[in-house]
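Counting in our numbering, the sequence shown runs from -12 upward without gaps.
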Amino acid sequence: MLFFALLFAGLAIFGVCVGFGTIGRPMYGQALNSYGWALSINGAALAAYFVLTRARRALRVRHGGTTSANHTPPRSLFD
-12 MLFFALLFAG LAIFGVCVGF GTIGRPMYGQ ALNSYGWALS INGAALAAYF
38 VLTRARRALR VRHGGTTSAN HTPPRSLFD
């Protein structure tokens, strides 16, 4: 999971470089800037998703994990 977060963070950095115009040249009169910014936004969003998923799993493990299968829900709100 952390590998994918790092992978997409690298993809976001690559997208920023393309968006600023440091990497890539216009092809057939079309600039790559908009494609670079879209790539950076998608890469950053996916990296954040994987980091948050990993953090959520770590918190779940730290706080006791899942409830047991024999746990029954309360019958009313006041139980």
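Every residue, glycine too, gets a C-beta built ideally from N, C-alpha and C.
Rounded to a whole number of angstroms, what is the C-alpha to C-alpha distance between Val22 and Tyr36?
Within the sequence shown, numbered from 1, the residue matching residue 22 stands at position 35. Within the sequence shown, numbered from 1, the residue matching residue 36 stands at position 49. Per the sequence shown, residue 22 should be read as Tyr rather than Val. Each residue's alpha carbon lies about 21 Å from the other.
Taking the alpha-carbon positions, what's the Arg49 to Ala42 distance?
Locating residue 49 in the sequence shown gives position 62, where the first residue counts as 1. Locating residue 42 in the sequence shown gives position 55, where the first residue counts as 1. Roughly 10 Å between the two C-alpha positions.
Pick from Ala32, Val38 and Leu19 that is closest to Ala(-1), judged by C-alpha positions
On the sequence shown, residue -1 is found 12 positions in, with the first residue counted as 1. Closest by alpha carbon: Ala32.
Suppose the cutoff is 6 Å on Cβ atoms and the five residues either side in sequence are ignored; what does the same chain contact list for Phe(-9) look like?
Taking the sequence shown and counting its residues from 1, the one referred to as residue -9 is at position 4. Result list for Phe(-9): Phe37, in chain order.
Assign Asp66 to buried or exposed, taking buried as 16 or more other Cβ atoms, counted over all protein chains shown, within 10 Å of its Cβ.
In the sequence shown, residue 66 corresponds to position 79, counting from 1. Caution is warranted here: a pLDDT of 46 is assigned to Asp66, below 50, making its placement in the model unreliable, and the coordinate value is therefore given only provisionally. Classification of Asp66: exposed, given that the 10 Å Cβ count is below 16.
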